[in-house]
């Protein structure tokens with residue numbers, strides 16, 4: 124995966140002045156068309172759960188418990204999941 128590209132926009136010179144805008148979009152030659160970026164991600168068998176996921180699981184603050192899920196998607200790209 125190519126590194127993220129950083130773009131800097133001009134800053135307003137005076138408070139209350141409208142912010143400058145960029146009028147032209149730069150095409151990215153290293154990205155496939157938008158249709159190729161849409162992928163299906165499936166998350167199943169989440170545990171622990173209460174009543175099939177209808178209610179949140181409750182624990183004491185600081186209690187350690189294991190969370191598991193089956194996560195997959197189409198294609199051969201690397202898949203990473205974060206627990207928030």
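Numbering (the numbering used here), first residue to last: 124 to 207.
We put the CB at the ideal spot given by N, CA and C, even for glycine.
The model shown is predicted, which means the values in this text are computed figures rather than measured ones.
First and last residue of the beta strand (DSSP E) that includes residue i?
i	result
residue 174	It is not in any beta strand (DSSP E) - residue 174 carries neither H nor E in the DSSP assignment.
residue 192	191-196
What does a CB cutoff of less than 6 Å around residue i pick up in its chain, not counting 5 residues either side in sequence?
i	result
residue 173	180
residue 194	166, 204
Would residue i pass as a contact of residue j if the rule is Cβ separation under 9 Å?
i	j	result
residue 171	residue 190	yes
residue 186	residue 168	no
residue 164	residue 207	no
Under the DSSP definition of a beta bridge, which residues are partnered with residue i?
i	result
residue 183	DSSP output for residue 183 lists no bridge partner at all.
Go through its chain and collect everything with a Cβ distance to residue i's Cβ below 7 Å, but skip five positions before and after it.
i	result
residue 182	188
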